[in-house]
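Undergrad:
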Amino acid sequence: MGYAKGLKCRECGRPYPANPIHVCEFCFGPLEVDYDYLAMSRQVSRQRIESGPPSIWRYRDLLPIEGEAAVGRHCGYTPLVRARNLGKALGLTHLYVKNDTVSHPTLSFKDRVVAVAVTKALEFGFPVVACASTGNLANSVAAHAAEGGLTSFVFIPSDLEQGKVLGTSIYAPNVVAVDGTYDEVNRLCSEIADKYGWAFVNINIRPYYAEGSKTFGYEIAEQLGWRAPEHIIVPAAGGSLITKIWKGLQELWKLGLLMAVPTRMHVAQAAGCGPIVTAVKTDTEVIRPVKQPRTIAKSLAIGNPADGYYAYKVVKDSGGAGEHASDEEIVDAIQLLAGTEGIFAETAGGVTVAVTRKLVQQGVIGRDDLTVISVTGNGLKTQEAVQGALQAPAHIKPTLKSFDEVLAQRPAMAAKA
Amino acid sequence: MSVLVRIPTPLRAVTKGQGEIKTDAGNVKELIDRLEQEYAGIKARLCEENGSVRRFINIYLNEEDIRFLQGLNTALKAGDEVSIVPAIAGGARTGGGVPAPF
Chain G
1 MGYAKGLKCR ECGRPYPANP IHVCEFCFGP LEVDYDYLAM SRQVSRQRIE
51 SGPPSIWRYR DLLPIEGEAA VGRHCGYTPL VRARNLGKAL GLTHLYVKND
101 TVSHPTLSFK DRVVAVAVTK ALEFGFPVVA CASTGNLANS VAAHAAEGGL
151 TSFVFIPSDL EQGKVLGTSI YAPNVVAVDG TYDEVNRLCS EIADKYGWAF
201 VNINIRPYYA EGSKTFGYEI AEQLGWRAPE HIIVPAAGGS LITKIWKGLQ
251 ELWKLGLLMA VPTRMHVAQA AGCGPIVTAV KTDTEVIRPV KQPRTIAKSL
301 AIGNPADGYY AYKVVKDSGG AGEHASDEEI VDAIQLLAGT EGIFAETAGG
351 VTVAVTRKLV QQGVIGRDDL TVISVTGNGL KTQEAVQGAL QAPAHIKPTL
401 KSFDEVLAQR PAMAAKA
Chain E
418 MSVLVRIPTP LRAVTKGQGE IKTDAGNVKE LIDRLEQEYA GIKARLCEEN
468 GSVRRFINIY LNEEDIRFLQ GLNTALKAGD EVSIVPAIAG GARTGGGVPA
518 PF
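Going down the list, the sequences are from chains G and E. With the working numbering, the residue at position 253 of the first sequence is 253, and numbering never jumps. With the working numbering, the residue at position 26 of the second sequence is 443, and numbering never jumps.
(1) Work out the CA separation of residue 159 of chain G and residue 181 of chain G for me, nearest whole Å.
(2) Check distances from the C-beta atoms of the segment 486-504 of chain E to those of chain C and list, in chain order, the residues that come in under 7 Å.
(3) Among G:350, G:4, G:220 and G:154, which one has its Cα closest to the Cα of residue 37 of chain G?
(4) May I ask you to list the residues that DSSP assigns as paired with residue 374 of chain G?
(5) If residue 287 of chain G and residue 312 of chain G are in contact, beta carbons under 8 Å, what's the gap, nearest whole angstrom?
(6) So, do the segment 399-412 of chain G and the segment 115-129 of chain G have three or more beta carbon pairs nearer to each other than 8 Å?
(7) Can we say the segment 316-331 of chain G touches the segment 272-288 of chain G, given the rule of at least three CB pairs closer than 8 Å?
(8) Within its chain, find whatever has a CB closer than 8 Å to the CB of residue 435 of chain E; leave out the 5 residues flanking it on each side and keep chain order.
(9) In whole angstroms, give me the CA-to-CA distance for residue 335 of chain G and residue 343 of chain G.
(10) Taking residue 347 of chain G as the reference, which of G:340, G:333 and G:359 has the closest Cα?
(11) Using a Cβ-Cβ cutoff of 8 Å, what residues of the segment 450-461 of chain E are near chain G? List them in chain order.
(12) Would a C-beta distance cut-off of 7 Å place residue 133 of chain G and residue 156 of chain G closer than the cut-off?
(13) So the alpha helix (DSSP H) residue 145 of chain G belongs to, where does it begin and stop?
(14) Are the CB atoms of residue 49 of chain G and residue 76 of chain G nearer to each other than 7 Å?
(15) Quick one: which unbroken beta strand (DSSP E) runs of 3-plus residues sit fully inside the segment 206-253 of chain G? Chain order, please.
(16) Just to confirm my understanding: we take residue 258 of chain G, look at its own chain, exclude 5 residues before and 5 after, and list those with CB closer than 8 Å. What are they?
(17) With 16 as the cutoff for other CB atoms within 10 Å, does residue 476 of chain E come out buried or exposed?
(18) Determine the direct distance from the alpha carbon of residue 232 of chain G to that of residue 426 of chain E, and round the result to whole angstroms.
(19) The alpha helix (DSSP H) spanning residue 43 of chain G covers which residue range?
(20) Cβ of residue 406 of chain G within 7 Å of Cβ of residue 392 of chain G?
(21) Select from the segment 18-31 of chain G all residues with a C-beta closer than 8 Å to any C-beta belonging to chain E, and list them in chain order.
(22) Using a Cβ-Cβ cut-off of 7 Å, state whether residue 429 of chain E counts as contacting chain G.
(23) Return the CA-CA distance between residue 71 of chain G and residue 479 of chain E, expressed in angstroms with no decimal places.
(24) Entirely within the segment 314-346 of chain G and at least 3 residues each: give me those beta strand (DSSP E) ranges in chain order.
(25) Whole angstroms are fine: how far does the CA of residue 206 of chain G sit from the CA of residue 510 of chain E?
(26) Between residue 329 of chain G and residue 298 of chain G, what straight-line distance do the alpha-carbon atoms span, to the nearest angstrom?
(27) Along chain G, in chain order, which residues have C-beta atoms closer than 8 Å to that of residue 423 of chain E?
(28) Consider the Cβ of residue 11 of chain G: report whether some Cβ of chain E lies at a distance smaller than 7 Å.
(29) Using the rule of at least 16 other Cβ atoms within 10 Å of the residue's Cβ for burial, across every protein chain shown, is residue 362 of chain G buried or exposed?
(30) Can you name, in chain order, every residue of its own chain whose Cβ lies under 8 Å from the Cβ of residue 130 of chain G, other than the five neighbours on each side?
(31) Just curious, the beta strand (DSSP E) that residue 272 of chain G is in, first and last residue?
(32) Would you list, in chain order, the members of the segment 469-481 of chain E that have their beta-carbon closer than 8 Å to a beta-carbon of chain G?
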């Protein structure tokens, strides 16, 4: 049995039963899961979590499901990497990378939210699960639907990276490529959800889905030895992840598992689609939608972020900051992360590393501050972004002479050898 | 100034089923007060207690979000069209025993 007692409107506080609904009927605000924290606190402890499985389900008591995990049993508990080399490059002595490039099964943090959403959809008895997606969500929904024996429909913008389309189609869902921006796809999906009564993980199941992201924050705290870091830098598309990491840390503190949460939450977006960062930098709480996102970070190309205001608020309330990254900076940062730590992140990871660099340069992040960079997806999914930026292989004949000649021509190669 | 107001489906229960209302107002604030006079309870759906427009309600004047104009003070002229649109596409259904998908 879970501790979710129902849903609650984030704006006006009206309570609702724990149904597949996501909008307040009175004020149209978004609904959020409401927990019985008192009852939860009697059950949850560090020891109880530590004795749980090496997955997001060790935090099962804090997730909005009634039974057991139906899908995604191996999701989460990804490495928290002590990034000494990247730290040297950026000027940080206590830098970590939370590495969801290896998330099981589809190599992005979306597995966390989808494992919860599809489990919940099955609890509700939906026969079809669906989503609107910039790529990673589609991969994950298709995979978990396959695992759970559900029919799935995934809706994507038609200009999505090839790797992401293939990485969705392989699980044999129904893929619908829409000629439009993600925002147009999402708006269409609201109408489809209304008409067909399917479980859209990011629409009518959104309140449950979103809770899965808290596990990203729980793991950071647990892996640091039950400690909240001084800085967490998080990429933002719809804005949900950064708000839920914050919520997760606050819950651990409220439950007595953390002594304090001194964490400053920093938001990272692309220059070509960064409405939340713009709001943070100009100190205006009204998010100005970006009508035509233009960035290689397609996973972050959401011009009208559903949780934009709440993401802005988390940054402000925690004393955080935000920055934009240009396409060039993104590509450079992907290579920097790969070359220093051997971690190949997708474009969103490049955005986050690039923004971290800027925040250090601006003095927002101190040299010795305990800092965690959130890397949310695998670079193999966005290969187009770095193609052309990488050094081509040395091409030789199968002779020692041929190799010696090349070595002589490339001093850098010789230096490493 | 005589303006046309478009009411989204979820709010039509308050406006006696009407999706389009013609009314007179000099600015958006006056418009909302006028609507409240005619259809009691609509203001509480559109505005917080302090009078500002609710975060998840968008009001468009001739396709422009008033948040990027002069907000509640946005002036209206004869023939203007004001659309009230819940921020989340699709909006909530009214009534019925089964909770709406949104």
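Here a beta-carbon is modelled for each residue, glycine too, at the ideal position from N, C-alpha and C.
TA: In short, the structure shows the following:
(1) Taking the first residue of the first sequence as position 1, residue 181 of chain G is located at position 181. Taking the first residue of the first sequence as position 1, residue 159 of chain G is located at position 159. The alpha-carbon atoms of residue 181 of chain G and residue 159 of chain G are separated by roughly 9 Å.
(2) Judged by its chain identifiers, the structure shown contains no chain C, and its protein chains are G and E.
(3) In the first sequence, residue 37 of chain G corresponds to position 37, counting from 1. Here the closest residue by C-alpha is G:4.
(4) One-based indexing of the first sequence puts residue 374 of chain G at position 374. Looking at the DSSP assignment, residue 374 of chain G forms a beta bridge with G:98.
(5) Counted from its first residue, the first sequence places residue 287 of chain G at position 287. Counted from its first residue, the first sequence places residue 312 of chain G at position 312. Their Cβ separation, rounded to whole angstroms, is 7 Å, which keeps residue 287 of chain G and residue 312 of chain G in contact under 8 Å.
(6) no
(7) yes
(8) Translated into positions along the second sequence, residue 435 of chain E becomes position 18. Closer than 8 Å at the Cβ level, and outside the excluded window around residue 435 of chain E, lie 424 and 429.
(9) Within the first sequence, numbered from 1, the residue matching residue 335 of chain G stands at position 335. Within the first sequence, numbered from 1, the residue matching residue 343 of chain G stands at position 343. Roughly 9 Å separates the two Cα atoms.
(10) Indexing the first sequence from 1 puts residue 347 of chain G at position 347. When only C-alpha atoms are compared, the closest one is G:333.
(11) none
(12) To locate residue 133 of chain G, count along the first sequence from 1; it is residue 133. To locate residue 156 of chain G, count along the first sequence from 1; it is residue 156. It is a contact, given that the beta carbons lie within the stated cut-off.
(13) By one-based count along the first sequence, residue 145 of chain G stands at place 145. That run of the alpha helix (DSSP H) goes 136-148.
(14) For this step, residue 49 of chain G is matched to residue 49 along the first sequence. For this step, residue 76 of chain G is matched to residue 76 along the first sequence. Not closer than 7 Å, so no.
(15) 231-235
(16) Position 258 of the first sequence, counted from the first residue, corresponds to residue 258 of chain G. Within the same chain, residue 258 of chain G has close Cβ partners 221, 226, 227, 228, 249 and 252.
(17) Locating residue 476 of chain E in the second sequence gives position 59, where the first residue counts as 1. It counts as buried.
(18) In the second sequence, counting from the first residue as 1, residue 426 of chain E sits at position 9. In the first sequence, counting from the first residue as 1, residue 232 of chain G sits at position 232. Each residue's alpha carbon lies about 42 Å from the other.
(19) Counting from one through the first sequence, the residue named residue 43 of chain G turns up at place 43. Residue 43 of chain G -> alpha helix (DSSP H) spans 37-43.
(20) Position 406 of the first sequence, counted from the start, is the residue given in the question as residue 406 of chain G. Position 392 of the first sequence, counted from the start, is the residue given in the question as residue 392 of chain G. No.
(21) 19, 20, 21, 22, 23, 24, 25, 26, 27, 28, 29 and 30
(22) Within the second sequence, the letter at position 12 stands for residue 429 of chain E. Residue 429 of chain E does not count as touching chain G.
(23) Position 71 of the first sequence holds residue 71 of chain G. Position 62 of the second sequence holds residue 479 of chain E. One C-alpha to the other measures close to 47 Å.
(24) 322-325
(25) Counted from its first residue, the second sequence places residue 510 of chain E at position 93. Counted from its first residue, the first sequence places residue 206 of chain G at position 206. Unreliable positioning characterises residue 510 of chain E in this predicted model, as indicated by a pLDDT of 31, which lies under 50. The coordinate reading is nonetheless provided below. Taking the straight line joining both Cα atoms gives about 17 Å.
(26) Locating residue 329 of chain G in the first sequence gives position 329, counting from the first residue. Locating residue 298 of chain G in the first sequence gives position 298, counting from the first residue. Straight-line Cα distance between these residues: approximately 15 Å.
(27) For the purposes of this step, residue 423 of chain E is taken as residue 6 along the second sequence, with counting starting at 1. The premise fails here: residue 423 of chain E is roughly 15 Å from chain G at the closest Cβ pair, so nothing lies under 8 Å.
(28) Taking the first residue of the first sequence as 1, we reach residue 11 of chain G at position 11. Interface residue, yes.
(29) Within the first sequence, residue 362 of chain G is the residue found at index 362, counting from 1. Residue 362 of chain G should be labelled exposed.
(30) Working through the first sequence from its first residue, we reach residue 130 of chain G at position 130. Closer than 8 Å at Cβ, skipping near neighbours: 141, 152, 153, 154, 155, 189, 192, 193, 198, 199, 200 and 201.
(31) Taking the first residue of the first sequence as position 1, residue 272 of chain G is located at position 272. Here residue 272 of chain G belongs to no beta strand (DSSP E), and DSSP marks it neither H nor E.
(32) 471, 472, 473 and 474
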